[in-house]
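Engineer: Below is one structure. I have some questions about it.
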Amino acid sequence: MIQGVLHQIISGIATGGIYASVALALVMIYQATHHVNFAQGEMATFSTYIALTLINAGLPYWVAFVGAVTISFAIGVVIERILMRPMEHAPVLASVGVFIGLLLIINSLSGWLFDYTIKQFPSPFGSGQPILGGFVSSHELGSTAVTLIVLIAVYLFFRHTKLGLAMRAAAFNPSSARLVGIRVGWMLALGWGLAAAIGAIAGMMVAPVVFLDPNMMAGILLYAFAGALLGGIDSPLGAVLGGFAVGVIENLMGAYVVGTELKLTVALIIIVCVLVVKPSGLLGRTVTSRV
Amino acid sequence: MRTTLPPALSILAVLVAAAFVFSDYHLFQLTMVVVYAIAILGMTVLTGINGQISLGHGAFYAIGAYTTGVLITSWNVPYWATLPVAAVVCAGFGFLIGLPALRLGGLYLALTTFALAVAVPQVLKHKAAEQWTGGVQGLVIDKPDPPFGLPLSPDQWLYLFTLAVGALIFLLAWNLTRGRIGRAMMAIRDHALAAEAMGINIALLKTRTFAVSAMCTGVAGSLGAIAVQFVAPDSFTVFVSITLFVGLVVGGVASIPGALFGAVFIEFIPNLADQVSKAAPGAVYGVILIACMYVMPSGVGGALARLVRRVMR
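Sequence order for the protein chains is W and A. The first sequence maps to residues 135 to 425 in my numbering. The second sequence maps to residues 7 to 319 in my numbering.
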């Protein structure tokens, strides 16, 4: 029993890492623009297809990995420049509409370019036997490591580089940032690029587990939402912790309480509970507004 | 009243006449147009008039459809008697979901209802209710015959029946939104604090609007189930909710006649686009949705209303 629980927790942490990355991508865009990117999952799926295409073209895995991340970054920047720019001050309904439109377009683009059949995606860590006493597969271990590296890199980038500081300033107070000479528009575009790149990594890490098809990320996006809200949607650290927590909760609930068929409903329940009990999340700021 | 009634009646007359012109297959399509129009109307009241964004109305559509399906197959209830039951059930669910929605501003509500829409097929498949819902297989419903020996084909009858229910719901919605309650709903949408200061009970009105909206969409779901003669979990994926949302935006979020245009759009455009490729309907939806947001934020309904105002002046 204890063994089983431990196993569920460890594999929960592995999937939680994926949720944490996507949640981080969501939070980055939310912090900068106060939009929630409903198309984040679709963008990540598309990036994973790009990686698969590069691998099938004969490139080694890590070259394809870097290639896919770079292309995704560029796509993210382009989407912000072309589609999101005019939406800066639009009402919520308009931005939700644009994001849903983007979701539909990217989803059907994936299906059209790479067809709808379910594909296998290679893991760079091998698909060998469970290691460390049968608790964890080598892919789980490897993908958790990659996730952690990404998260630490993002942290260092925002904390210790000039560009990271400028991006934080642009998100925190656009007009003051503009006054000290930061090009706020480009900082937002960079934020979109980074979010797309992080999403791409998450997609490549999860694809060997859940297999690749155009709707691969639909459920993952939901868990990432739940994670982001649980941690506080304006707190990157919170999003990461929330993502890991949701991974563990999901696995434990799936194994012992509701069964695997209702796992997605767990995400819904977490979302509703957080929003009703503590809308600002565990680490988020409570928002007060002047009237 | 004077400007709304003649066009509304003439549209209704054309729709009734259509029952005796078109083939059975086209009548089925028209039936679905009316069904979608009712479903979108529910969202118009909630999103357009009251300002609460829902991306999860497919859930209420599914609940309505399943209520009808289960009542017909498990208890042999006549199809017309399932509509009021579906209305009550969906209004109840809508009210319950409206309660947490009270605490959620625009974006969070969109997000939560989106989660609801994604989770629905899983819940419908669950084993606990398999005895009634038929699990993954779903339920098959017989097509109703015309009553009283009327000289109509089943498709004609079903179309006219759906049209009658639709006309009634449109009338009720129009009546609701142009009166005192409708103005209160709009006041909440435009400035909640000011509305509260005017003595509007925001919590009560918002949850009730949610209930009314869910009721509309639920009745549409149960009419849709009768028309399609089949309900299964996989026909109620998140795509249903997104389709309804597309219809809402294209028709015009705050326009009651707009619901009809939106319904025509989501019934016929996928069929046309499907002939190009399997991926085309989604892409067309996406492009048109974004285009609408940029160039025609008030949708077809809003554009027509502007046109009419300019001509009538």
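Glycine included, each C-beta is placed from N, C-alpha and C at the ideal position.
Hey, out of ALA279(A), ALA226(A), THR213(A), whose CA is closest to GLY104(A)'s CA?
Structural biologist: THR213(A)
Engineer: Who are the neighbours of GLY155(A) on chain W, taking C-beta pairs under 7 Å?
Structural biologist: Result: empty, since nearest Cβ-Cβ is about 47 Å, beyond 7 Å.
Engineer: So ILE209(W) and ALA330(W) are supposed to be a Cβ contact under 8 Å. How far apart are they, rounded?
Structural biologist: 6 Å
Engineer: Quick check: what's the CA-CA separation for HIS132(A) versus GLY150(W)?
Structural biologist: 25 Å
Engineer: Does the beta-carbon of GLY141(A), which I'm using as the reference point, lie nearer than 7 Å to any heavy atom of the ligand SAH?
Structural biologist: Annotation note on the ligand SAH: not contained in the displayed structure, which lists no ligands.
Engineer: Step through the CB atoms of chain A and report whether any lies within less than 8 Å of the CB of THR179(W).
Structural biologist: Not one beta carbon of chain A lies nearer than 8 Å to the beta carbon of THR179(W).
Engineer: Answer yes or no: do LEU229(A) and ILE44(A) have a C-beta to C-beta separation smaller than 8 Å?
Structural biologist: With contacts defined as CB atoms closer than 8 Å, LEU229(A) and ILE44(A) qualify as a contacting pair.
Engineer: Please identify the residue among TRP86(A), VAL255(A), GLY155(A) whose C-alpha is closest to the C-alpha of ASP148(A).
Structural biologist: TRP86(A)
Engineer: Judging by CA-CA distance, which residue of ILE296(A), GLY257(A), LEU166(A) is the nearest neighbour of VAL232(W)?
Structural biologist: ILE296(A)
Engineer: Considering only their Cβ atoms, is the gap separating GLU214(W) from LEU322(W) smaller than 8 Å?
Structural biologist: yes
Engineer: Just checking my contact of SER247(A) with GLY62(A) at CB under 8 Å: how many whole Å lie between their CB atoms?
Structural biologist: 5 Å
Engineer: With 16 other CB atoms within 10 Å as the buried threshold, where does SER16(A) fall?
Structural biologist: exposed
Engineer: For MET7(A), which three-state DSSP category applies?
Structural biologist: Note on MET7(A): pLDDT 48, under 50, position unreliable in the model; the coordinate value appears next. Residue state, collapsed to three classes: coil.
Engineer: For ILE239(W), tell me which candidate among GLY308(A), MET318(A), ALA289(A) has the shortest Cα-Cα distance.
Structural biologist: ALA289(A)
Engineer: So is MET318(A) buried or exposed if we call it buried at 16+ other beta carbons inside 10 Å?
Structural biologist: exposed
Engineer: Measure from the C-beta of ILE239(W) to each C-beta in chain A and report whether the shortest distance is under 8 Å.
Structural biologist: yes
Engineer: Classify MET49(A): buried if its beta carbon has 16 or more other beta carbons within 10 angstroms, exposed otherwise.
Structural biologist: buried
Engineer: Just mark GLU384(W) as buried or exposed, buried being the case when its beta carbon has 16 or more other beta carbons within 10 Å.
Structural biologist: buried
Engineer: Is any beta-carbon of chain A found at less than 8 Å from that of PHE207(W)?
Structural biologist: no
Engineer: Nearest to ILE144(W) by alpha carbon, out of LYS412(W), LEU237(W), ALA401(W), SER272(W)?
Structural biologist: SER272(W)
Engineer: Contact between the stretch 55 to 74 of chain A and the stretch 207 to 227 of chain A is defined here as three or more beta-carbon pairs at a separation below 8 Å; is this criterion met?
Structural biologist: yes
Engineer: For VAL293(A), go through chain W and note every residue whose CB falls closer than 8 Å to its CB, in chain order.
Structural biologist: GLY235, ILE239
Engineer: Name the residue from ALA125(A), VAL91(A), GLY264(A) whose alpha carbon lies nearest to the alpha carbon of VAL406(W).
Structural biologist: ALA125(A)
Engineer: Which residues does DSSP pair with LYS427(W) in a beta bridge?
Structural biologist: Lying before the first or after the last residue shown, residue 427(W) is absent from chain W, which here runs from 135 to 425.
Engineer: Can you give the Cα-Cα distance for ASN307(W) and LEU324(W), rounded to whole angstroms?
Structural biologist: 16 Å
Engineer: What's the gap between the Cα of ILE55(A) and the Cα of ALA389(W)?
Structural biologist: 43 Å
Engineer: Taking Cβ-Cβ distances below 7 Å as the criterion, which residues of the stretch 378 to 395 of chain W are in contact with chain A?
Structural biologist: GLU395
Engineer: For GLY315(W), which of ILE283(W), GLY327(W), LEU299(W) has the nearest alpha-carbon?
Structural biologist: LEU299(W)
Engineer: So what does DSSP say about VAL41(A), is it helix, strand or coil?
Structural biologist: helix
Engineer: Rounded to whole angstroms, what is the Cα-Cα separation between MET451(W) and LEU117(A)?
Structural biologist: Residue 451(W) is absent from the structure shown; chain W starts at 135 and stops at 425.
Engineer: Would you tell me roughly how many angstroms separate the C-alpha atoms of MET2(A) and VAL91(A), rounded to the nearest one?
Structural biologist: Any question about residue 2(A) goes unanswered here, given that chain A covers just 7 to 319.
Engineer: In three-state DSSP terms, what is LEU247(W)?
Structural biologist: The three-state secondary structure of LEU247(W), taken from DSSP, is helix.
Engineer: Should PRO370(W) be flagged as near chain A, meaning a C-beta pair shorter than 8 Å?
Structural biologist: For PRO370(W), not one C-beta of chain A is nearer than 8 Å to its own C-beta.
Engineer: Quick check: is the beta carbon of VAL427(W) nearer than 8 Å to any beta carbon in chain A?
Structural biologist: Within the shown structure, residues of chain W are numbered from 135 to 425, placing residue 427(W) beyond reach of any answer.
Engineer: Is PHE292(W) helix, strand or coil when you go by DSSP?
Structural biologist: PHE292(W) sits in a helix when the DSSP states are folded into three classes.
Engineer: Only counting runs of 4 or more residues, tell me where the alpha helix (DSSP H) segments fall wholly within the stretch 59 to 134 of chain A, in order along the chain.
Structural biologist: 63 to 81, 85 to 107, 112 to 131
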